[in-house]
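Numbering (this note's numbering), first residue to last: 599 to 755. Here the structure comes first, spelled out in structure tokens, and everything after it is commentary.
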Amino acid sequence: MDPKEKRKKLSTPELESPCLSKKDVAITNPSLHSNVDVGEAMKKQNDVAMFLTEKVISVLARNFNFVFSPASINAYLTMVAVTSEEQTLRSSIFSILRSSSIDELNAVFHEGANTVFVDGSEDGGPKISGINGVWMDQSLSVSPVGSIKCLWALIKL
Numbered sequence: 599m600d601p602k603e604k605r606k607k608l609s610t611p612e613l614e615s616p617c618l619s620k621k622d623v624a625i626t627n628p629s630l631h632s633n634v635d636v637g638e639a640m641k642k643q644n645d646v647a648m649f650l651t652e653k654v655i656s657v658l659a660r661n662f663n664f665v666f667s668p669a670s671i672n673a674y675l676t677m678v679a680v681t682s683e684e685q686t687l688r689s690s691i692f693s694i695l696r697s698s699s700i701d702e703l704n705a706v707f708h709e710g711a712n713t714v715f716v717d718g719s720e721d722g723g724p725k726i727s728g729i730n731g732v733w734m735d736q737s738l739s740v741s742p743v744g745s746i747k748c749l750w751a752l753i754k755l
């Protein structure tokens, strides 16, 4: 199957879970992102990931074993930005991720999903309900605002 054809198959998300609504899905049709320079947006996201990785390694790697996923942090912040009605919170997330809009964040994840999840199979790759997720211990209680404050504290280290 032609790679462009495979990408088209992933351009519209399929909702497999009845608890998800279109508002809950961060990946949208690429035609909505025509004014977004996806290459530049992805470069900014990669710069943020490298910055966070350097900060975490410089603080934790000396004395501890740890698991750190800049992509998970980025995914979590994107999900919070997409679903939050609070403009201050969105502005903070845009600042952290060096992004200018929800469309830009969505465009980056759309491109990533189209690149990563197309596996060459006849039907265009695996079907997914969502590409973003954050793993947290059940004993921890975290609010979106608290998460942003925690991330800002990490960045300022």
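Yeah, the Cβ is synthetic: ideal placement off N, Cα and C, and Gly gets one too.
Between the alpha carbons of residue i and residue j, how many angstroms are there, rounded?
i: Ala-751; j: Thr-681; result: 23 Å
i: Arg-696; j: Gly-744; result: 20 Å
i: Gly-637; j: Met-648; result: 17 Å
i: Asn-644; j: Thr-651; result: 10 Å
i: Ser-741; j: Lys-653; result: 23 Å
i: Glu-702; j: Val-678; result: 14 Å
i: Ser-629; j: His-708; result: Residue placement at Ser-629 is poorly supported in this model, since its pLDDT is 47, which falls under 50; the coordinates are not used for a value here.
i: Ile-671; j: Ile-655; result: 15 Å
i: Val-634; j: Ile-746; result: 25 Å
i: Ala-639; j: Val-706; result: 7 Å
How is residue i classed by DSSP in three states: helix, strand or coil?
i: Ser-656; result: helix
i: Asp-635; result: coil
i: Ser-737; result: coil
i: Ser-745; result: helix
For residue i, report the span of its alpha helix (DSSP H) as first-last.
i: Phe-692; result: 685–695
i: Ser-670; result: 668–681
Can you find the residues in the same chain that come closer than 7 Å, C-beta to C-beta, to residue i, ignoring five residues on each side of it along the sequence?
i: Ser-699; result: none
Please go through the same chain and pick out, in chain order, the residues whose beta-carbon is closer than 6 Å to the beta-carbon of residue i, but skip the five residues on each side of it.
i: Lys-642; result: Arg-696
i: Phe-666; result: Val-654
i: Ser-690; result: Ile-746
Among residues of its own chain, excluding the 5 on either side of residue i, which ones have a beta-carbon nearer than 8 Å to its beta-carbon?
i: Ala-669; result: Ala-647
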